[in-house]
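*Asks:* Going letter by letter, the sequence shown gives residues 169 to 339 in our numbering.
C-beta atoms are modelled at their ideal positions from N, C-alpha and C, and glycine is treated no differently.
Sharing a structure below in structure tokens format, with a few things to ask.
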Amino acid sequence: MTSNGPGARERTFTWQDPAPGAATAATMSGIDFLHAMMRGEYPPPPAAMALGFTLDVVEPGRAVFGMVPAEYHYNPMAGLHGGVAVTLLDSAMGCAVHSTLPAGARYTTLELKANFLRPISERTGPLRCEATLLHTGRTTALAEARLTDAAGKLLAHATSTCLILPAEPAA
């Protein structure tokens, strides 16, 4: 859906090919890869670039993302689109899980539940999304995330079950 009529705005962003980083990620523990990405050795995922997410902190079982809501994140009611908030929550929870995985292991989201507690807009200011790993089993992991404003007010909460995919044997 495009419109070049009155009030039209434009946004441009760039990203790098994620394939080289993904290939290298398979040879590093999850936390080592995430730290290398934070140091700029590997580019952030294109989705993070498109939406303006930053990975600010990563520790074993914990990840903190930041984001500043902007008009280009809006739904038709001039508020942050719920899908943007869920993507931020899912990204943080996935990184919390990934931070505990050995080299070659991967994960994918099996189930995600989100609760929206307050509206979010540009006026909300910077957002912080902190995710923690609650439980890891042999094949699944459970994480939760809290999305807050700069004053620590809870805006949204989510939980996620992730499938852990073990490293594939060398051919």
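Do ALA231 and ALA282 come within 8 angstroms of each other at the CB atom, strictly closer than that value?
*Replies:* Along the sequence shown, read from residue 1 onward, the residue named residue 282 stands at position 114. Along the sequence shown, read from residue 1 onward, the residue named residue 231 stands at position 63. Not in contact: ALA282 and ALA231 (Cβ atoms no closer than 8 angstroms).
*Asks:* What is the rounded straight-line gap between the Cα of ALA191 and the Cα of GLY272?
*Replies:* Here the question's residue 191 lines up with position 23 in the sequence shown. Here the question's residue 272 lines up with position 104 in the sequence shown. So the two alpha carbons sit approximately 10 angstroms from each other.
*Asks:* Going by C-alpha to C-alpha distance, which of LEU285, PRO270 and THR327 sits closest to LEU333?
*Replies:* Mapped onto the sequence shown, residue 333 falls at position 165. Among LEU285, PRO270 and THR327, the Cα nearest to that of LEU333 belongs to PRO270.
*Asks:* If we count the other Cβ atoms within 10 Å of its Cβ and call it buried at 16 or more, is PHE181 buried or exposed?
*Replies:* Your numbering for residue 181 matches position 13 in the sequence shown. Exposed.
*Asks:* Using DSSP with H/G/I as helix, E/B as strand and the rest coil, what is GLU209?
*Replies:* Along the sequence shown, read from residue 1 onward, the residue named residue 209 stands at position 41. Here GLU209 sits in coil by DSSP.
*Asks:* Between ARG177 and the rest of its own chain, which residues show a CB-CB distance below 8 angstroms, the 5 nearest in sequence each way excluded?
*Replies:* Position 9 of the sequence shown, counting from 1, holds the residue named residue 177. Excluding residues within five positions, the ones whose Cβ falls inside 8 angstroms are GLU239 and TYR240.
*Asks:* What first and last residue would you give for the beta strand (DSSP E) that runs through LEU295?
*Replies:* Along the sequence shown, read from residue 1 onward, the residue named residue 295 stands at position 127. Taken as a continuous stretch (DSSP letters only), the beta strand (DSSP E) holding LEU295 covers 295-304.
*Asks:* For the putative contact between LEU315 and ALA215, defined by C-beta atoms under 8 angstroms, what is the C-beta separation to the nearest angstrom?
*Replies:* Position 147 of the sequence shown holds residue 315. Position 47 of the sequence shown holds residue 215. Not really, about 17 angstroms apart at Cβ, beyond 8 angstroms.
*Asks:* Of the choices ILE288, PHE233 and THR277, whose alpha-carbon is the least far from that of THR327?
*Replies:* Here residue 327 is taken as the residue at index 159 of the sequence shown, counted from 1. Among ILE288, PHE233 and THR277, the Cα nearest to that of THR327 belongs to THR277.
*Asks:* Restricting to runs no shorter than 4 residues, where is the alpha helix (DSSP H) found entirely within the segment 169-247?
*Replies:* Listed in chain order, the complete alpha helix (DSSP H) runs (minimum 4 residues) inside the segment 169-247 are 187-193, 198-206 and 214-219.
*Asks:* In terms of residues, what are the limits of the beta strand (DSSP E) holding THR277?
*Replies:* Here residue 277 corresponds to residue number 109 of the sequence shown, with the count starting at 1. Run containing THR277: 274-284, per the beta strand (DSSP E) assignment.
*Asks:* I need the boundaries of the alpha helix (DSSP H) containing ALA264, first residue and last residue.
*Replies:* Counting from one through the sequence shown, the residue named residue 264 turns up at place 96. Taken as a continuous stretch (DSSP letters only), the alpha helix (DSSP H) holding ALA264 covers 250-266.
*Asks:* Below 8 angstroms between beta carbons: does that hold for HIS203 and VAL226?
*Replies:* Position 35 of the sequence shown, counting from 1, holds the residue named residue 203. Position 58 of the sequence shown, counting from 1, holds the residue named residue 226. Their beta carbons are under 8 angstroms apart, which means HIS203 touches VAL226 by this criterion.
*Asks:* Rounded to whole angstroms, what is the Cα-Cα separation between MET205 and CYS263?
*Replies:* As a working note, residue 205 is residue 37 in the sequence shown. As a working note, residue 263 is residue 95 in the sequence shown. Approximately 12 angstroms between the Cα atoms of the pair.
*Asks:* Pop quiz: TRP183 and PRO211 are said to be a contact at Cβ under 8 angstroms. What is the actual Cβ separation, rounded to whole angstroms?
*Replies:* By 1-based counting over the sequence shown, the position of residue 183 is 15. By 1-based counting over the sequence shown, the position of residue 211 is 43. At roughly 7 angstroms, the Cβ-Cβ gap stays under 8 angstroms, so TRP183 and PRO211 are in contact.
*Asks:* Please go through the same chain and pick out, in chain order, the residues whose beta-carbon is closer than 6 angstroms to the beta-carbon of GLY198, but skip the five residues on each side of it.
*Replies:* Along the sequence shown, read from residue 1 onward, the residue named residue 198 stands at position 30. Closer than 6 angstroms at the Cβ level, and outside the excluded window around GLY198, lie HIS266, SER267 and LEU269.
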